[in-house]
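Visitor:
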Amino acid sequence: MSAKLLRKALRWIALAPALACSFSAVAADEPLKVGFVYVSPIGEAGWTWQQDLGRREMESALGDKVKTTYVEDVPEGADAERVIRDLAQQGNKLIFTTSFGFMNPTLKVARQFPDVKFVHSTGYKTAANVATTNARFYEARYLAGIIAGKMTKSNIVGYVGAYPIPEVLQGINAFTRGMRTVNPEAQVRVIWVNSWFDPGKERDAALALMGQGADIVTHHTDSTATVQAAEEKGKYAIAYHSDMSKFGPHAQLAAVTHHWGKYFTKEAQDVLAGTWKPDQVWGGLKSGMAAIEGFNAALPQDVLALVKEKEAEIVAGTLAPFAAPIKDNTGKVVLESGVLDDAGLNKMNYYVEGVAGSLPTK
Amino acid sequence: MDALAPLIASAIVAGTPLMLAALGLLVNEKSGVINLGSEGMMLVAAVAGFAVALDSGSPALGFAAGAAAGMALSAFFAWLTVWLGANQVATGLALSLFGVGASAYLGLPYVGETLTVHPSGIPLLKDLPFVGRALFQHHPMVYVSLLLCAGIAWFLSRSRAGLVLRAVGEAPASAHALGYNVRRIRLCALLFGGACCGLAGAFMSLVYTPMWVENMVAGRGWIALALTTFATWRPLRVLVGAYLFGGITILTFHMQALGVPIASQLLSMLPYLATILVLVLISRNANWIRLNMPASLGKNFNPNT
Numbered sequence: 001m002s003a004k005l006l007r008k009a010l011r012w013i014a015l016a017p018a019l020a021c022s023f024s025a026v027a028a029d030e031p032l033k034v035g036f037v038y039v040s041p042i043g044e045a046g047w048t049w050q051q052d053l054g055r056r057e058m059e060s061a062l063g064d065k066v067k068t069t070y071v072e073d074v075p076e077g078a079d080a081e082r083v084i085r086d087l088a089q090q091g092n093k094l095i096f097t098t099s100f101g102f103m104n105p106t107l108k109v110a111r112q113f114p115d116v117k118f119v120h121s122t123g124y125k126t127a128a129n130v131a132t133t134n135a136r137f138y139e140a141r142y143l144a145g146i147i148a149g150k151m152t153k154s155n156i157v158g159y160v161g162a163y164p165i166p167e168v169l170q171g172i173n174a175f176t177r178g179m180r181t182v183n184p185e186a187q188v189r190v191i192w193v194n195s196w197f198d199p200g201k202e203r204d205a206a207l208a209l210m211g212q213g214a215d216i217v218t219h220h221t222d223s224t225a226t227v228q229a230a231e232e233k234g235k236y237a238i239a240y241h242s243d244m245s246k247f248g249p250h251a252q253l254a255a256v257t258h259h260w261g262k263y264f265t266k267e268a269q270d271v272l273a274g275t276w277k278p279d280q281v282w283g284g285l286k287s288g289m290a291a292i293e294g295f296n297a298a299l300p301q302d303v304l305a306l307v308k309e310k311e312a313e314i315v316a317g318t319l320a321p322f323a324a325p326i327k328d329n330t331g332k333v334v335l336e337s338g339v340l341d342d343a344g345l346n347k348m349n350y351y352v353e354g355v356a357g358s359l360p361t362k
Numbered sequence: 001m002d003a004l005a006p007l008i009a010s011a012i013v014a015g016t017p018l019m020l021a022a023l024g025l026l027v028n029e030k031s032g033v034i035n036l037g038s039e040g041m042m043l044v045a046a047v048a049g050f051a052v053a054l055d056s057g058s059p060a061l062g063f064a065a066g067a068a069a070g071m072a073l074s075a076f077f078a079w080l081t082v083w084l085g086a087n088q089v090a091t092g093l094a095l096s097l098f099g100v101g102a103s104a105y106l107g108l109p110y111v112g113e114t115l116t117v118h119p120s121g122i123p124l125l126k127d128l129p130f131v132g133r134a135l136f137q138h139h140p141m142v143y144v145s146l147l148l149c150a151g152i153a154w155f156l157s158r159s160r161a162g163l164v165l166r167a168v169g170e171a172p173a174s175a176h177a178l179g180y181n182v183r184r185i186r187l188c189a190l191l192f193g194g195a196c197c198g199l200a201g202a203f204m205s206l207v208y209t210p211m212w213v214e215n216m217v218a219g220r221g222w223i224a225l226a227l228t229t230f231a232t233w234r235p236l237r238v239l240v241g242a243y244l245f246g247g248i249t250i251l252t253f254h255m256q257a258l259g260v261p262i263a264s265q266l267l268s269m270l271p272y273l274a275t276i277l278v279l280v281l282i283s284r285n286a287n288w289i290r291l292n293m294p295a296s297l298g299k300n301f302n303p304n305t
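Encoded structure:
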């Protein structure tokens, strides 16, 4: 008798998961589960902070139609694959992997979960269920350059760079070209710190630039150290990634930022509607993915008006930061006519006219 | 000349946290204990110092909190290694990894806060042309670190207590036989080392880059460890080494900004290249290292066996 009872009980236990599954399948209008993988802690400013702002914007736009999960501080490499697979196994149907180094892990997991959609940031490999996205930060850099050209008194502007790769060079070159349209005398000096994130080095580099006469500094690194150093020395700074006016209320002239909320929302809506496609989105000022904001109250009205005017021209497509003629800083003509195409942007390996020094790779 | 003063000033500031931490580690190692937890201690001290300075408004209290945090961690390390006999290298590594995680967790509410740094310096001297800007406009802690260096040099070579400390590092069994309490002496040395690493960490978050962000020490704890060897356990050489390391990084930045055509990657290697070079040079003279390296470095001692 007891053996029979035991068998009965066991059968129920064995059935339990299946029952649970059928219940959850029955529940109608379950929210779309969306996962996010961040390469660094969210913090209060920087790349991942902006990604998380996007996630929150998507959440408030779509309400209970989505349910988001994020995993922060995921190192690029083998561990990333595990995290992405975990998210897929937990039932997330749309997963954003927000760093370049997540490219191969994303593709690997995507092959194992063909019904899950993946969106990878700043990469170049796609698959049937992997889309990519990036922003044309350089468009906003061009506008920041105009501000710097108008505001510099010493005609030396400092730029703290992380690594001499195309993405960073696009920023430096667009910035310089923007600056030289209003001030052909001004010069950009670059210091490479060979790190995305080392506040001490970033600060030292900014101080070195200011020590050599730069009265405006900007950066393509992840911390707020450059803006803080400028604040301390009574100089100006142009922030990157996030509005850093909190860290340099007097120093920050403007901030070159990126925004992902609208894009994330659209991707989620497409998945909900069943119209999602593995496309490659490279949005700029027009789509709002890149922006210039956080203007200093000390900026003269005419400078602000000029920036707004040029912004409208870029949005309208009548102005391109990399339109011919493009000369590198040795005087060689890189582009004689037309506008530099995406392939040209992606393999940029030179300084344009107006940047001092030579690239460390040469 | 105009560019030289800020260069020297920056090099001194960049070298100060390295020197503070390395001096503490030097005292540890002179007592025969190697504490690889410096990176973790510096990070925990950085967040503790920043939190206290922010909440109390007093940088001095911040430094005190940093030193206390460093001492607390090193006391734990001392309990594990000196009393329980745990392997020093493994325990130190664990302490470093623990410190990285713990500081990130404890620091969460402080990310994005900033401290205002008031200009400081030595009255009268700071207004001198050139030297004033290069040498006398620093935070008081920079001068404290110099005094500390001189003090440790005196303590180790001229005082009786210093002699006992070195004896414990060279031959703990002999020191024990003479009636010295090896464990207590090593505990004191470790606490002192922890306090120094704590000051170094607090210097990072209060003066160098006045903010808290995860992992902001960025490997300087490890450089400080290398520095003690680089300096062959001599406090004055620690001073030279720290400013050299700070100076080379700053020099690379200044050269880049001047447009000197030299690869920045090559320049980033220079501090390490310099370390290896000096190591090779001093190792050619075996006496230099052998005379200073504590003979029982890294070896645990149990008085009851």
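If you read the sequences in order, they're chains E and A. This note's numbering applies: residue 1 is where the first sequence begins, and numbers increase by one. This note's numbering applies: residue 1 is where the second sequence begins, and numbers increase by one. Ideal Cβ placement from N, Cα and C applies to all residues, glycine included.
#1: When you compare each of Gly91(E), Gln170(E), Ala323(E) and Ala254(E) to Asn296(E) by their alpha carbons, which one comes out closest?
#2: Using DSSP's beta-bridge definition, name the partner residues of Gly161(E).
#3: Looking at the structure shown, is Glu293(E) part of a helix, part of a strand, or coil, going by DSSP?
#4: Considering only residues of the region 122-164 of chain A, which uninterrupted alpha helix (DSSP H) runs meet the minimum length of 4 residues and lie entirely inside it, listed in chain order?
#5: Assign Ser174(A) to one of three DSSP states: helix, strand, or coil.
#6: Under the three-state reduction of DSSP, which class applies to His259(E): helix, strand or coil?
#7: Determine, using beta carbons only, whether Tyr70(E) and Arg82(E) come nearer to each other than 8 Å.
#8: According to DSSP, is Gly283(E) helix, strand or coil?
#9: Please report how far the alpha carbon of Pro123(A) lies from the alpha carbon of Glu39(A), in whole angstroms.
#10: Please confirm whether Leu107(E) and Val34(E) have their CB atoms less than 8 Å apart.
#11: When burial is assigned at 16 or more other CB atoms within 10 Å of the CB, is Ala365(E) buried or exposed?
#12: In three-state terms, what does DSSP make of Ile250(A)?
#13: Exposed or buried, Lys150(E), counting other C-beta atoms within 10 Å across all chains shown (16 or more means buried)?
#14: Please go through the same chain and pick out, in chain order, the residues whose beta-carbon is closer than 7 Å to the beta-carbon of Thr91(A), but skip the five residues on each side of it.
#15: For Lys201(E), is the classification buried or exposed, using 16 other Cβ atoms within 10 angstroms of its Cβ as the cut-off for buried?
#16: Tell me the DSSP bridge mates of Ser121(E)?
#17: Taking the C-alpha atoms as reference points, what is the distance between Phe188(A) and Leu115(A)?
#18: Taking Ser154(E) as the reference, give the member of Asp204(E), Met210(E), Ser195(E) and Val130(E) with the closest Cα.
#19: In chain order, what residues of the same chain have a beta carbon less than 6 Å from the beta carbon of Gly15(A), not counting five sequence neighbours either side?
#20: Could you tell me which residues DSSP pairs with Gly363(E) in its beta bridges?
#21: Under a Cβ-count criterion, where at least 16 other Cβ atoms within 10 Å of its own Cβ denotes burial, should Gln90(E) be classed as buried or exposed?
#22: At a Cβ threshold of 8 Å, is Ser223(E) touching chain A?
#23: Under a CB-based cut-off of 8 Å, is Thr16(A) close to chain E?
#24: Given a cut-off of 8 Å, decide if Gly37(A) and Ser96(A) are closer than it, judged by their beta-carbon atoms.
#25: Start and end of the alpha helix (DSSP H) containing Tyr240(E)?
#26: Beta carbon of Leu20(A), beta carbon of Ala175(A): below 8 Å?
#27: Assuming contact is defined by CB atoms lying nearer than 8 Å, are Cys197(A) and Met293(A) in contact in what I supplied?
#28: Name the residue from Ser74(A), Leu106(A) and Leu135(A) whose alpha carbon lies nearest to the alpha carbon of Ile12(A).
#29: Check whether chain E comes within 8 Å of Leu73(A), counting only Cβ atoms and requiring the distance to be less than that.
#30: Taking just the CA atoms, how far does Val27(A) sit from Pro303(A)?
#31: Along the chain, where does the alpha helix (DSSP H) containing Leu93(A) start, and where does it finish?
#32: Is there a Cβ of chain A sitting closer than 8 Å to that of Asp247(E), yes or no?
#33: Compare the C-beta of Leu80(A) with all C-beta atoms of chain E and state if any pair is closer than 8 Å.
#34: Tell me whether Phe192(A) is buried or exposed, calling it buried when 16 or more other Cβ atoms sit within 10 Å of its Cβ.
Guide: By the coordinates alone:
#1: Ala254(E)
#2: Trp192(E) and His220(E)
#3: strand
#4: 131-135 and 140-158
#5: helix
#6: Correct three-state label for His259(E): coil.
#7: no
#8: strand
#9: 34 Å
#10: no
#11: Because chain E here runs from 1 to 362, residue 365(E) falls outside it and cannot be looked at.
#12: helix
#13: buried
#14: Phe77, Leu80 and Thr81
#15: With at least 16 other beta carbons inside 10 angstroms of its own, Lys201(E) counts as buried.
#16: Thr133(E)
#17: Per the sequence presented here, residue 188(A) reads as Cys, with Phe not at that position. Their backbone Cα atoms lie some 33 Å apart in a straight line.
#18: Met210(E)
#19: Ala242, Tyr243 and Gly246
#20: An answer regarding residue 363(E) cannot be provided, because it is not within the stretch 1 to 362 covered by chain E.
#21: Gln90(E) comes out exposed.
#22: yes
#23: no
#24: yes
#25: Segment Tyr236 to His241 is the beta strand (DSSP E) holding Tyr240(E); no alpha helix (DSSP H) there.
#26: no
#27: No.
#28: Distance from the Cα of Ile12(A) is smallest, within the candidate group Ser74(A), Leu106(A) and Leu135(A), for Leu135(A).
#29: By this cut-off, Leu73(A) is not an interface position.
#30: So the two alpha carbons sit approximately 21 Å from each other.
#31: Gln88 to Leu106
#32: The question names Asp, but residue 247(E) in the sequence shown is Phe. Phe247(E) counts as touching chain A.
#33: no
#34: It is buried - the Cβ of Phe192(A) has at least 16 other Cβ atoms within 10 Å.
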